[in-house]
Every structure is written in C-alpha cells, then in structure tokens.
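J.: First to last, the sequence lines map onto chains V and L. Each residue of the first sequence is one higher than the one before, starting from 98 at the first, in my numbering. Each residue of the second sequence is one higher than the one before, starting from 829 at the first, in my numbering.
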Amino acid sequence: MLEPINVSLESLNLITLAPMLIAIAGGLIILILDLINEKLDKSLYVMLTVLILFIDFGSVLGLNVNERGFFDVMLIDGISIISQLMIIGASMIFIPLALTSRRFHEYSYPEFFALFLFMIAGFQFMVATDNLILIFVGIETASLALYTLIALHNRANSYEAAVKYFTMGALAAAFFAMGSAIVYALTGSIELYKVAEIMATRMNEPGLMIAIFGSSVFLLVAFAFKLSLFPFHTWAPDVYEGASAPLAGYMSVVPKIAAFVVSIRIFGMYIDLGVEWVRITILVLAVLTMTLANIMALVQGDVKRMLAYSSISHAGFIMAALALDTTEGNTSIFLYYALFMFTNLGAFAMLWISRHKKRRFNARYDHPYEKFAGLVQIMPMGAVVMGLFMLSLAGVPPFSVFWGKIYVMQAAVNAGYIWLAIVMGLNSAIAAYYYLKLIVYMFLKDPVKDVDTVYYNISKPLMAIIGFATLATVAAIFYVQPLVSYLYYMISASGY
Amino acid sequence: MDNILSVLVFFPAVAGLLGFVVNKESARAYGITVAAIEFFLSLWLWFSFDMSNAGMQFVEMIPLIPDMGISYYLGADGISLFIIIMTTLMTLIGMASMGETKNIKNMIITLLFLEMTMVGVFVALDAIIFYLFWELSLVPMLYIIGAWGGPRREYAAIKFFLYTFTGSLIMLVGMLFVAYIYHNLTGVWSFAITDWYALVLPVNYQLWLFAAFFVGFAIKVPMFPFHTWIPYAHGQAPTIGSVILAAVLLKMGTYGFVRFSLPMFPDASVMAITPIAVLSLIMVIYTAMIAYAQKDMKQVIAYSSVSHMGIIMLGLFAMNAEGLSGSIFQMLSHGIVSGALFMLVGMIYERRHTKLLSEFGGLAAVMPKYAIIFGIMLMASVGLPLTIGFVGEFLVLIGFYQVSPVITILAGTSIILGAVYMLRVMKLAFFGPLDNEENKKLKDLNGRETWSLIPLVAIVIWLGVYPKPVLGPIDNSVKAMLSFMDEKAITQEAKDMIRVSKSSKEAK
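As structure tokens, then:
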C-alpha cells in the first residue's frame, strides 16, 4: 500500500513560479484574442506584450532572495532575479521595434507575440532553477520558440538560419543531456547543490576524475554552442544574418544572459570543486573566441555580420570573467550585459531602420558598408547615434560598454590574471578597427550616387526606443554606481 | 570661483552642443567668440592662481562610482596651469586663422568638443577621468583628419586612432593594476592620482607599471620607434588639425610622464633614464636628418616637431629642477612655435595648393610680412637666444648635463641640425630668384592672418626675453614634485640621482 503523499500548499511556495506563469498566461491571452477577432492590429499585440512583460517585471522584483519553491526545484537567488530582470527589460525594449512604418511579415501574426512570451518563460525557467532537467526544459522551450521566430522573417536565408540554429541547438541539447546523464550517474542527483556536495566527497576516488572530466566536457560543449564560443560559433553569423535585425540584436543578448547564468551555476561548481581543467579550458576558449571573432569581424563586408562577430567577441570577453569565479567576475558578467544590452540593441535597431524590402546595394547582403556611406549627409542624427553606438562598442569612454570593460578587466587584474587583462585590452584595440570602419563610411565618405538612398523604416516608437538606448549609452557614467552596487549585492547574497 | 576648472572643461562642450543650432554663416564667429571666452577664463585661472602654492589648486571632487573608486576629481598646479592656457590660446588662434570653408560649422563644433577633452586631460586628477578625456580626444581628431584631410586622409585618421588607442589600453591595464595594489594595501578603491602618489611600490612592480604607462604615453609623444603614425597624421591633416595635434595633443604624452610616471615610479624612472635618453637622442638626431631630406614644407615642420619632442623627453628624465622646468617650458614653446609654423605652412598652401619646397623661391620679395613672421618662428624653433625656444632648450640641456655630458652634447646638436634644416627651408622658400610665375602673383598675409599670428610672435619674444612669470610657478611645482620623488624613492641610486641635482641647485 503506497502512502498518500501529502503536500501542503505553503511548502510549494508557488509565488516562485508566478513570473513564468504570467508570461505563459500572457501568451495564451494573445492567442485567445486572435481566436475571437482575427483583424486586430499588431500595435495592440505589441502593447499587450509590453504590459504583460511589465507585470512580469514587477512580479520578479517582488520575489525574496534565496528562496526555493515547488518541491525545491525552483531556486530564486540573486542571480536568478537579476538575470530575469535583464531578460524582461531587454524584451521590453525589443518588442516595440515591431512598430516599423513598413510592414514586415512576421509581426502581422499574433503567434509571433505568443511565441515570444513563451520563449521568455523558457528563459526564466532556465535561470530560476538548479535542477538539470528543468534547465533542459527551459532551454528547449526557449530555443524552439526562438527557431520559429527566426523562420517567421520569411526569407530564404531566414529558413536557412532557423534550420541551422535548430540543428546546432539539437546537437547542443544532446550534449547537455549526455553531460547531465553522467552527472546523474556519478552522484545520483540532478540538483546542482546536491551534486556539488556528493562530488566533493568523491573527488579523491581514483578513476572517478575521468568521469567528472567527461561530464564537464559534454556540458561545456553544450554551452559553448549556446554562447557561440569558438570553435562552436560558426552558426552564429549566418543565423544573425538570416534573422531580422532586432531579433539578431536580441539573440546576441538575452539567450546569452540565460546561458551565462546556467554556466555560472554549473562551471562555477566545477571550479569550486577544484577542477582546474575547467577553468583553463574556459579561459582558452574565451581568449580564442574574442581574438578569432575579432579577426573574422575585420574582414566582413556586411555590417550585420560584423556586429554578429563582434557580439561573439564580446561573449568571449565575458566568458573570461566567468573563469575567474570571483564575486567581482560574476558581477562583471551581468554589468557588462546590462550595459552592452542597450548599445547592441540600439545598433541593431539602427540597422532595422535602414532595412529595405529589397536589397538595393548588394545582391548578397542587406547591410553592406556602402549602404551607410555618407549617412551623415542623408540622416545626420541617425549617423551620429550609430556613431555613438559604435564608439561605445569599441569601448571608448564615457560610453556604456567602457564601464563594463574596465570592470571586467579590473576583475581579471584582481584575480591575478594580468595577462588576461592585457589580452582583453589588445582585443579591444583590434575591435576598434571594424567599428571605426563603419564610422569612416558614415562620416568620411560620400553617399553611393547611383542608388536611391532613403531610410524610411523609421517611426515614432522606433525613435523613442533608439532615443532611450542612446541616452542609456551616453549617460552610463551616472547610473553605473547604483547598478554595480545592486548587482554586487545580489550576487554576493546568493553566494557566487 | 572655486569650480573654475569644471567651467573650463564643460564650457566648450556646452557651447559645442548649442553650436548645432547656430546658423552656418555665423558658425565661425560663434566659434571664435566661444574660444576667446574660454581663453579669458583660462587667463582668469592664471590670475586667481596662488603662485606660491606648489600643490594642487582649485580642487573639485565628486564621487562618481564609489564602488569602483572613480570620482570626478579635478585640480591644477603650476605644471598644468600653463599647458591649459596654451591649449585655450592655440585653439583660439587656430580657429581664428582657419582658412577652411568646407563644412565650417561641423569643424567649429568638433573643435569645441576637442577643446573640452584637451582641457579635461590636463586638469583631471582621477586616472579614469584622465583616461576618459584622453580617449575621447581621439574622436574629434579622427573626424578632423578624416573629413578635411588630404587624399589619404582615411588611412591617416584610422592609423592615428588605432595606434593611440592600442597604447592607451595597455596603459589602462596599468592603471587598473595600480588601483588593485592600492586596494590591497588600504582596502579602499581609488583612482585618484593624489592617492596613488602615496603608494610606495616595490621596484619590480614599478618597472612593469612604468612600462605599461610608457607604451601609452610614448605613442602619443611620439617616441621613436612609435612615431610612424605622425608623418601620416600631419601629412594628411588639415592645417588646424596639425596645429592642434602638434601644439596640444602631443603634449598629453609628455604631460602624462610628468603626472604619472615620474612621481609614481621614481625608481623605475631613474632606471629608465638611459634607455629613454637613448631613444630621445635617436628622436632628436634621426628625425632631424629626415626633416632635412623632406621635399614637402609641412613634413619638415612635422619632423622638426618630433625632433623637439625628443628634447622635451630628455628634460623630463633629467631628474632635476632645471631639466624638468625647462622641459615643461619647452612644451609650451613647442606648442606655440610649431603651431604657428603649421599655420604658416597652411597659409601658403591655401594660396598655392602645394607645399613642395621646389615650387617656391624668393617669396620674401612678394610676401614680406609672411617672410618675417616665418623667419621669427623659424628662429624660435631653432632655439635662437631671446626667443621662447631658447629658454626651454637651454634649461633642458643644463639639466641633463648633470646626468650625462655626452648625451647632452649629442642632444645639443639638435640646435645645429635644427638650424641646418630650418635654414634650408628658409633658403629654398624665401630667398633666391623669384622664378616661378605663379609665385609672383601671391598676395601677402591678409588682416585676419596677420592678426592671428602677431600675438604668437609677441609671446615668442616676450617669454624669450622674460620667462620668469611662467617659469616661476612651474619651478615651484617641479621642485615640490622632485623632493616628493626623492622622499618616495626606495633604491639608493634613485635617491642619489634625484638628490644630486638638488644639491647642485643649492650650491648655486
């Protein structure tokens, strides 16, 4: 006779599930609205999505730090709260970019917005747990939704991008599953805090090290795919190119934040256990990623591909901070992304504004450098704003990314990795070249004469978003202090 | 006004922002007025400056990012005071004499932003704020070279930017490491230079950090072998770009040595005397020889300016009051003289659209005013007594003589070599037969050009005859810095090096 399982509702602590449920419910509401009335305009869905995200944001803010819930599966610690806030914040900036003056295919479907909200729920699950299965579920929910969003752009290379991303994502998922399986086989648990305890007791057993190595290799490969680290980065430029510009910008920030949170949990654990091998591998991967992606970015003929490689390089930059495994290092990951988010989304939004339905300049690319030649004469404000974003990405003070950069470099120096800080510095110098290249095209060259250069895809909401991103980029010096102290507090509170 | 430094930094920036509204036709008048106000503000700074006080004055401090130890921290002492005044003066005069007409409004706005960053570098007392202005100054200069320059302007602009940017990132790592050491010792994060002065670092740390800062500053100076960007930058830049570059931007490098390297790493600095002296000598002699071989008038001036920067570097590492004060004085004189020379070359270029020496000859007959002013500036550049160039060069040589007579004698050839290549310019351009038909039609300097050059001529002669009002405060601050370095030095040889010069000073 089985004992009936008694679970009290309080012990479930369901409030920890509230943010994800809000996002899912929001997605369902949008689908139901579409069922009732098919003719609703995209602007309604956009605003509805923003409102749902607003509630979501509020519910995350209201969570208490260091709580568990739902059979101890959910983990609400500092990093899960800040990463959720960043994910939702970035999404709130992203979604109004749908309100272009020209109509683009994907945004006319309400499913786009529903899928978008499901994806956010997936990311939230990913960061708000330390259960390997729930992490897996979160990754898959988010990724499957994202593949579809990419394909909705409705171009030949969007399908290519979606299929490519899907294949690579499936491979990564397989690696993740195998890695988790080994972890489970070693420890009999899939909850990272228990895994860490059990592994710590078994570290000295001879012959076990190979299994621990194995698990870390599989997991590392899985996340190297997700974070587009060298040599698993090859999908990223094609996918970014195929996706619409704002979605590409979004992909270079939000999925990576989520993946970084999980990486902090998993690889932080390995490093804490004293598996130096993981730290060294991450460092090597990070250095290779930032250097090679930078070199690749130098030779790109398309601004979007250049930005794709540049965001790979930035990811490498941040990955190096992860290997430090200090509170400062982990803070720098979030600080960097929080500052990078505005600039990068802004830069991609500028590409979005300059998007034409047909490729006017080049048969192969949407945004070749020539397209921006002499932009300052056609759209002076646009050129200045784009120039600011480029300078910020290059790490010129006092723009936002600079503060992230010095924090990462300071963290590296403090942890005793001065060579790493120097590598980072040199990489920033290499990177400056390709950002400057765009500035040179925009400010120092004349427009291509034989093409009718108009940039009409602008609208008031887009201007507002870009204005906000510009403000956040330029005025970073004034909000870095509260940001740093909040992030540092939250991260040290959750013990990382 | 206690916050005059903030006003000095942000007034041009605000004016630059407001300048977007100003009408195109009035932009030049607007720019000149703003630059003139800024110049008078800097003169006010001089008058309210306490000459007897050797420390930092007009200090302002607002914590910006306390968690990272970054604060908005400004101050000026005798060393930076005159460089600030020189900056505002050269911006004003450069703007007033500017013959550029294309996109004049953009040029004025860019120059105003550039002025903010330049003043910012010289008043910053927080390393990150210093770095901020230092890096930011690259952007307007990039635009000036790239938008108004010669045929290869884009290449020159990018080379200029990337070269300096790379160097300064290495310097940034050095700064972060100093902050880290400071944190380890005191438990507080701070990037304030005055806090860093209190750090006594072990010699091997000093050497590494000296090297890191050296890369950043040496590229800017530019020291041999990091000088390859400057011929391109000067060659392609428009006149105003070259004026500002030579007069102010290069000084940032040497100023950086005075502000950071010497007081923070006294032992390493003493150890670096010989290598730096050798590099400076190469700069002095080698670039003078290159200058002699140039066919282009502007390149002669460009290389001569590098050659004179060598003298400044030599003086900085003399480790005594004469050398240091002389070298800071030489920064001012170099700024004024090479700025004026670049302006003069620009004026002839506007008339003839060529800078090749072979195109000219006998200009003195058609352009007497031009020839006279050029002659005076040329003599000042060579270091003729009773001109501003003599004072600095002489003091530097005296100062370094106490360190190494041999190197000083070799460096002294700079005066001879300078005379050789400068007089060659004089001969080829102004004397000889006036045989080129086009040169016969040349008009002499107009009112605007004359009146923008006359103040510089006046300064060249005034400070050449009576340098005391400027040298006094510089000397004060320099002596304070030297005795501080002496106290701080840990190795005996460094103490000897710095003390020797002081006792000899007392003996006089």
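Every residue gets a Cβ at the ideal spot worked out from N, C-alpha and C, and that includes glycine.
List the residues that DSSP assigns as beta-bridge partners of Tyr901(L).
T.: To locate residue 901(L), count along the second sequence from 1; it is residue 73. DSSP output for Tyr901(L) lists Met889(L) as bridge partner(s).
J.: Apart from the five residues on each side of it in sequence, which residues of its chain come closer than 8 Å, Cβ to Cβ, to Ile184(V)?
T.: What you label residue 184(V) is simply residue 87 of the first sequence in a count that begins at 1. So the qualifying residues of the chain are Ile217, Phe220, Gln221, Val224, Val351, Ile354, Ala355.
J.: Out of Asn1304(L), Gly1069(L), Ile1318(L), point me to the one whose CA is closest to Ser1402(L)'s CA.
T.: Nothing in the structure corresponds to residue 1402(L), since chain L is present only between 829 and 1336.
J.: Verify the CB distance criterion: does Ala1061(L) have a CB-CB separation below 7 Å to chain V?
T.: Start at 1 with the first residue of the second sequence, and residue 1061(L) comes out as number 233. Not an interface residue.
J.: Between Met366(V) and chain C, is the shortest Cβ-Cβ distance under 7 Å, so that the two count as touching?
T.: No chain C appears in this structure, whose protein chains are V and L.
J.: Just the C-alpha distance for Phe1222(L) and Met1092(L), rounded to the nearest angstrom, thanks.
T.: Taking the second sequence and counting its residues from 1, one reaches residue 1222(L) at position 394. Taking the second sequence and counting its residues from 1, one reaches residue 1092(L) at position 264. Each residue's alpha carbon lies about 27 Å from the other.
J.: What is the residue span of the alpha helix (DSSP H) that Gly978(L) lies within?
T.: Position 150 of the second sequence, counted from the start, is the residue given in the question as residue 978(L). Careful: Gly978(L) lies outside any alpha helix (DSSP H) and carries neither H nor E.
J.: Give the list of continuous alpha helix (DSSP H) stretches no shorter than 4 residues that lie fully inside the region 134 to 217 of chain V.
T.: 139 to 158, 175 to 191
J.: Would Ala1208(L) pass as a contact of Val1134(L) if the rule is Cβ separation under 7 Å?
T.: By one-based count along the second sequence, residue 1208(L) stands at place 380. By one-based count along the second sequence, residue 1134(L) stands at place 306. Val1134(L) sits away from Ala1208(L), with the two beta carbons spaced by 7 Å or more.
J.: What is the DSSP secondary structure of Ala412(V), counted as helix, strand or coil?
T.: Residue 412(V) sits at position 315 when you count from the first residue of the first sequence. It is helical.
J.: May I ask you to verify whether the region 308 to 319 of chain V touches the region 364 to 382 of chain V, counting CB pairs closer than 8 Å and requiring at least 3?
T.: Touching, yes.
J.: Does the CB of Tyr204(V) have a neighbour CB from chain L at under 7 Å?
T.: Position 107 of the first sequence holds residue 204(V). It does not: the Cβ of Tyr204(V) has no partner Cβ on chain L nearer than 7 Å.
J.: For Met879(L) and Met1080(L), what's the separation of their Cα atoms in angstroms?
T.: If you number the second sequence from 1, residue 879(L) lands on position 51. If you number the second sequence from 1, residue 1080(L) lands on position 252. Approximately 23 Å, taken between the alpha carbons.
J.: Is the CB-CB distance between Ser429(V) and Ser349(V) below 7 Å?
T.: Here residue 429(V) refers to the residue found at position 332 when the first sequence is read from its first residue. Here residue 349(V) refers to the residue found at position 252 when the first sequence is read from its first residue. No. Outside cutoff.
J.: Within 10 angstroms of its Cβ, does Thr226(V) collect 16 or more other Cβ (buried), or is it exposed?
T.: Translated into the one-based positions of the first sequence, residue 226(V) becomes position 129. The residue in question, Thr226(V), is buried, as its Cβ has 16 or more Cβ neighbours within 10 Å.
J.: If you run the structure through DSSP and keep just helix, strand and coil, what is Leu1184(L)?
T.: Position 356 of the second sequence, counted from the start, is the residue given in the question as residue 1184(L). Strand, per DSSP.
J.: Under 8 Å, with one C-beta from each stretch per pair, do the region 1217 to 1233 of chain L and the region 1151 to 1160 of chain L reach the 3-pair mark?
T.: At 8 Å Cβ cutoff, the stretches touch.
J.: Using a 10 Å radius around the Cβ and a threshold of 16 neighbouring Cβ atoms, would you call Ile102(V) buried or exposed?
T.: Counting from 1 along the first sequence, the entry for residue 102(V) is found at position 5. So Ile102(V) ends up on the exposed side.
J.: Does Gly398(V) come within less than 7 Å of chain L when only Cβ atoms are used?
T.: Locating residue 398(V) in the first sequence gives position 301, counting from the first residue. No, Gly398(V) does not count as interfacial toward chain L.
J.: Is it right to say Glu1321(L) is buried, meaning 16 or more other beta carbons lie within 10 angstroms of its own, or is it exposed?
T.: The count along the second sequence starts at 1 and reaches residue 1321(L) at position 493. Counting of Cβ neighbours within 10 angstroms places Glu1321(L) among the exposed residues, the total staying below 16.
J.: Tell me which residues share the same chain as Ala460(V) and place their Cβ nearer than 8 Å to its Cβ, disregarding the 5 neighbours each side in the sequence.
T.: The residue you call residue 460(V) lines up with position 363 of the first sequence. Closer than 8 Å at the Cβ level, and outside the excluded window around Ala460(V), lies no residue.
J.: Looking at the strands, I want to know which residues DSSP matches up with Glu288(V).
T.: Residue mapping note: residue 288(V) aligns to position 191 of the first sequence, counting from 1. The partner list for Glu288(V) (beta bridge, DSSP) reads Asn228(V).
J.: When we look at the beta-carbon of Gly1190(L) and count the other beta-carbons within 10 Å, is it buried (16 or more) or exposed?
T.: Working through the second sequence from its first residue, we reach residue 1190(L) at position 362. So Gly1190(L) ends up on the buried side.
J.: Using beta carbons (cut-off 7 Å, strictly below), is Thr1321(L) in contact with chain V?
T.: In the second sequence, the residue the question calls residue 1321(L) occupies position 493. First, the amino acid is wrong: residue 1321(L) is Glu here, not Thr. No, Glu1321(L) lies away from the interface with chain V (no Cβ there is under 7 Å from its Cβ).
J.: In chain order, what residues of the same chain lie with their CB nearer than 6 Å to the CB of Leu1160(L), ignoring the 5 residues before and after it?
T.: Here residue 1160(L) refers to the residue found at position 332 when the second sequence is read from its first residue. Here the set comprises Phe910, Met914.
J.: Measure the Cβ-Cβ separation of Tyr532(V) and Met487(V) and say whether it is below 7 Å.
T.: Along the first sequence, one-based indexing puts residue 532(V) at 435. Along the first sequence, one-based indexing puts residue 487(V) at 390. Against a cut-off of 7 Å, the Cβ pair of Met487(V) and Tyr532(V) comes out as a contact.
J.: So Tyr433(V) and Gly501(V) are supposed to be a Cβ contact under 8 Å. How far apart are they, rounded?
T.: The residue given as residue 433(V) occupies position 336 in the first sequence. The residue given as residue 501(V) occupies position 404 in the first sequence. Yes, they are in contact, since the Cβ atoms of Tyr433(V) and Gly501(V) sit about 4 Å apart, within 8 Å.
J.: Ends of the alpha helix (DSSP H) at Thr1115(L)?
T.: Your numbering for residue 1115(L) matches position 287 in the second sequence. 1101 to 1121 is the span of the alpha helix (DSSP H), which, as asked, contains Thr1115(L).
J.: If you compare alpha carbons, which of Leu485(V), Ile503(V), Leu584(V), Asp131(V) is closest to Thr570(V)?
T.: As a first step, residue 570(V) is located in the first sequence; it is residue number 473 there, counting from the start. Out of Leu485(V), Ile503(V), Leu584(V), Asp131(V), Leu485(V) has the C-alpha closest to the C-alpha of Thr570(V).
J.: Measure the beta-carbon distance from Ser1305(L) to Ile921(L) and round it to whole angstroms, keeping in mind my assumption that it falls under 8 Å.
T.: Here residue 1305(L) corresponds to residue number 477 of the second sequence, with the count starting at 1. Here residue 921(L) corresponds to residue number 93 of the second sequence, with the count starting at 1. About 26 Å separates the two Cβ atoms, so there is no contact after all.
J.: Can you check which of these residues, Val1224(L), Thr1067(L), Leu1184(L), Val1219(L), is closest to Leu1142(L) by C-alpha distance?
T.: In the second sequence, counting from the first residue as 1, residue 1142(L) sits at position 314. Ranking Val1224(L), Thr1067(L), Leu1184(L), Val1219(L) by Cα distance to Leu1142(L) puts Val1224(L) first.
J.: Do Phe263(V) and Tyr244(V) have their beta-carbon atoms positioned less than 7 Å apart in this structure?
T.: The residue labelled residue 244(V) in the question sits at position 147 within the first sequence. The residue labelled residue 263(V) in the question sits at position 166 within the first sequence. Yes.
J.: So the alpha helix (DSSP H) Leu324(V) belongs to, where does it begin and stop?
T.: Stepping through the first sequence from its first residue, residue 324(V) is reached at position 227. Run containing Leu324(V): none; DSSP gives neither H nor E here.
J.: If we cut at 7 Å on Cβ distances, does Leu541(V) have a partner in chain L?
T.: Stepping through the first sequence from its first residue, residue 541(V) is reached at position 444. When Cβ-Cβ separations below 7 Å define contact, Leu541(V) makes contact with chain L.
J.: Quick one: Cα of Gln1034(L) to Cα of Ser582(V), how far?
T.: By 1-based counting over the second sequence, the position of residue 1034(L) is 206. By 1-based counting over the first sequence, the position of residue 582(V) is 485. Looking at the two C-alpha atoms, the distance is approximately 32 Å.
J.: What does Val581(V) reach in chain L if we use C-beta pairs closer than 9 Å?
T.: Your numbering for residue 581(V) matches position 484 in the first sequence. Correct list: Ile893, Asp895, Met896.
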